[in-house]
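*Asks:* This is the structure, below, for whatever I ask next.
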Amino acid sequence: KAGVTQTPRYLIKTRGQQVTLSCSPISGHRSVSWYQQTPGQGLQFLFEYFSETQRNKGNFPGRFSGRQFSNSRSEMNVSTLELGDSALYLCASSLYTPLGETQYFGPGTRLLVL
Amino acid sequence: ELKVEQNPLFLSMQEGKNYTIYCNYSTTSDRLYWYRQDPGKSLESLFVLLSNGAVKQEGRLMASLDTKARLSTLHITAAVHDLSATYFCAVDDNYGQNFVFGPGTRLSVLP
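In the order they appear, the protein sequences are chains A and B.
With this note's numbering as the guide, the letters of the first sequence map in order to residues 1 to 114.
With this note's numbering as the guide, the letters of the second sequence map in order to residues 1 to 111.
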């Protein structure tokens with residue numbers, strides 16, 4: 001069974017640009033969650049999608065958005081990039097919900113904003 | 001606001017020794033998660049604890065949950081070098097509106 005995949009793995013952008021990250025969950029998993037990891041703030045929950053609907057959202061500005069497609073693949077978009085958006089972005093999939101279920105994480109996308 | 005603390009933040013121990021990592025959280029929740037992260041890598045789910053008194057074990061790691069004390073422990077038995085990693089606990093509040101990680105405990109097992 002293939003694991004969670006994330007593309008691209010590495011990305012360099014400049015301030016003010018926008019970026020789109022992609023996450024393909026494990027086959028059959030319908031919930032996809034996104035997390036940001038930085039040295040300063042640690043791991044933070046961004047949002048969770050299930051059946052193309054955002055179910056939960058963490059405390060991030062509206063520049064951070066996402067969506068999920070009918071095949072459960074998810075994309076995350078960050079507009080008007082700031083230096084502080086430099087981070088490792090992780091996505092995780094689970095069957096129905098991250099609450100109480102084992103989550104499987106992708107390798108992450110490392111974003112550097114210059 | 002849900003806060004999650006871990007103690008200690010850094011732990012250096014010798015192979016063969018036992019130690020415990022503590023995870024405290026501030027609001028009511030009966031779901032707690034433990035993860036492992038190797039340097040430069042992604043997260044790996046270790047344990048999902050779903051009720052008061054839950055205990056799970058995998059190899060040299062054992063996790064437990066006391067929801068009344070709002071405390072979870074990750075006990076390491078007879079540590080080996082391969083256990084060197086950063087360990088995170090995480091809690092979701094009972095409304096599922098938020099999923100909060102602890103700061104992580106960086107474990108180094110020395111030969």
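Beta carbons: idealized from backbone N, C-alpha and C, even for Gly.
These numbers come from a predicted model, not from an experiment.
1) When DSSP builds the beta bridges, which residues end up paired with V19 of chain A?
2) So if DSSP puts H75 of chain B in a beta bridge, which residue, or which two residues, is it bridged to?
3) Rounded to a whole number of angstroms, what is the C-alpha to C-alpha distance between K3 of chain B and G104 of chain B?
4) Does G84 of chain A come out as helix, strand or coil in the three-state DSSP assignment?
5) For R31 of chain B, count neighbouring Cβ atoms within 10 angstroms of its own Cβ and tell me buried if that reaches 16, exposed if not.
6) Within 10 Å of its beta-carbon, does H160 of chain B have 16 or more other beta-carbons around it, so buried, or fewer, so exposed?
7) State the DSSP-derived secondary structure class of L49 of chain B, mapped to helix, strand or coil.
8) Is the distance from the Cβ of L81 of chain A to the Cβ of Q37 of chain A below 8 Å?
9) Work out the CA separation of G16 of chain B and F47 of chain B for me, nearest whole Å.
10) Between A:K13, A:E75 and A:Y10, which lies nearest to S93 of chain A when the distance is taken from Cα to Cα?
*Replies:* So, from the listed chains and residues:
1) Reading the first sequence from its first residue, position 19 is the one you call residue 19 of chain A. Listed as beta-bridge partners of V19 of chain A by DSSP are A:V78.
2) Indexing the second sequence from 1 puts residue 75 of chain B at position 75. Looking at the DSSP output, H75 of chain B sits in a beta bridge with B:T20 and B:M62.
3) Indexing the second sequence from 1 puts residue 3 of chain B at position 3. Indexing the second sequence from 1 puts residue 104 of chain B at position 104. Taking C-alpha positions only, K3 of chain B is separated from G104 of chain B by approximately 13 Å.
4) Within the first sequence, the letter at position 84 stands for residue 84 of chain A. Looking at G84 of chain A - three-state DSSP - the assignment turns out to be helix.
5) Sequence index remark: in the second sequence, residue 31 of chain B carries index 31 (1-based). It is buried - the Cβ of R31 of chain B has at least 16 other Cβ atoms within 10 Å.
6) As shown, chain B starts at 1 and ends at 111. That puts residue 160 of chain B outside it, with no answer to give.
7) Here residue 49 of chain B refers to the residue found at position 49 of the second sequence. In the structure shown, L49 of chain B sits in a strand (DSSP, three-state: E or B).
8) To locate residue 81 of chain A, count along the first sequence from 1; it is residue 81. To locate residue 37 of chain A, count along the first sequence from 1; it is residue 37. No.
9) Residue 47 of chain B sits at position 47 when you count from the first residue of the second sequence. Residue 16 of chain B sits at position 16 when you count from the first residue of the second sequence. Whole-angstrom Cα-Cα distance: 22 Å.
10) Within the first sequence, the letter at position 93 stands for residue 93 of chain A. Among A:K13, A:E75 and A:Y10, the Cα nearest to that of S93 of chain A belongs to A:E75.
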